[in-house]
Amino acid sequence: MSYELKYPDVWCGEFLVKGQRAPMKLNYVGGNINIAISALPKSKPIPHIKISQQVTPGRFPSFKTKKACLLTATPFGRTPKEKMDQVRILKGTFGKYIKTKDSAIGMAALQSTEPEKISYKAYIITPSEVTSRLIVRYAPDWYYSICDQMHFLVIISL
Numbered sequence: 593m594s595y596e597l598k599y600p601d602v603w604c605g606e607f608l609v610k611g612q613r614a615p616m617k618l619n620y621v622g623g624n625i626n627i628a629i630s631a632l633p634k635s636k637p638i639p640h641i642k643i644s645q646q647v648t649p650g651r652f653p654s655f656k657t658k659k660a661c662l663l664t665a666t667p668f669g670r671t672p673k674e675k676m677d678q679v680r681i682l683k684g685t686f687g688k689y690i691k692t693k694d695s696a697i698g699m700a701a702l703q704s705t706e707p708e709k710i711s712y713k714a715y716i717i718t719p720s721e722v723t724s725r726l727i728v729r730y731a732p733d734w735y736y737s738i739c740d741q742m743h744f745l746v747i748i749s750l
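The working numbering applies: residue 593 is where the sequence shown begins, and numbers increase by one.
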C-alpha cells in the first residue's frame with residue numbers, strides 16, 4: 593500500500609509563529625482521524641494554526657487513541673527550493689520560539705468547525721527520542737521515510 597493511502601494528507605495550510613508563516617502539510621499517523629477532521633481549520637484562502645504557547649518542559653501530552661489524533665507535519669513547497677526556504681523559516685522562528693522556555697513543544701488552541709464548537713488543543717512537538725518512538729510505534733515505515741527530513745509530531749486532543 594502506498595504512503596498516500598496509508599498516511600493520507602489531512603490538512604495543508606500555514607503554521608503561524610511570531611508573525612512568521614510557514615506552509616505545512618499534515619499527514620495522519622494514528623488515533624482518531626475524526627478529531628483532526630473536526631479540529632483543523634478550513635478557512636479560506638489559506639487555513640492556519642497559530643502557535644501561541646509553549647508547554648512546560650517535561651510535560652509531554654498524553655496520546656489516547658480514541659480521544660486524540662497523531663499527525664506528522666512537514667514543510668510544504670511546490671519546488672525543492674520553496675521547501676528548503678520553509679525549513680529555514682521553521683528552524684529560525686519555531687525553534688527560537690519554543691527554545692526560549694527550554695521547551696520542545698508549542699501549543700495552539702483549535703475550535704471545531706462543527707455546530708457544537710468543541711475546543712481542541714494541538715501540540716506541535718520538535719523531533720526527539722520520545723516522538724520518534726511514538727511515530728515508530730504507529731507507523732514505522734512512515735517514520736523511516738521522514739526521519740531525515742524536517743518534521744514535527746502533532747497531537748490534537750480534546
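In this text, a Cβ means the ideal position worked out from N, Cα and C, and glycines have one as well.
By the neighbour-count criterion, in which 16 or more other beta carbons inside 10 Å mark a residue as buried, P615 falls on the buried side. For the set R680, K658 and E674, the Cα lying nearest the Cα of L750 is the one of K658. The C-alpha of S594 is placed about 21 angstroms away from the C-alpha of A628. The beta-carbon distance between I638 and E606, rounded to whole angstroms, is 6 angstroms. This is short enough to meet the 8 angstroms contact definition. In this structure, G698 keeps its C-beta atom at 8 angstroms or more from the C-beta atom of Q612. M676 is the residue among I716, K634 and M676 whose C-alpha sits nearest the C-alpha of P667.
Using a 10 angstroms sphere on the CB of V647, the tally of other CB atoms reaches 16 or more, which defines it as buried. Boundaries of the alpha helix (DSSP H) harbouring N626: I625 to A631, taken from the DSSP string.
Taking the Cα positions, E706 is about 16 angstroms away from K713. When DSSP states are grouped into helix, strand and coil, E606 belongs to the strand group. Note that the C-beta distance between L618 and L663 is below 8 angstroms.
According to the DSSP assignment, K598 belongs to the alpha helix (DSSP H) that extends over Y595 to K598.
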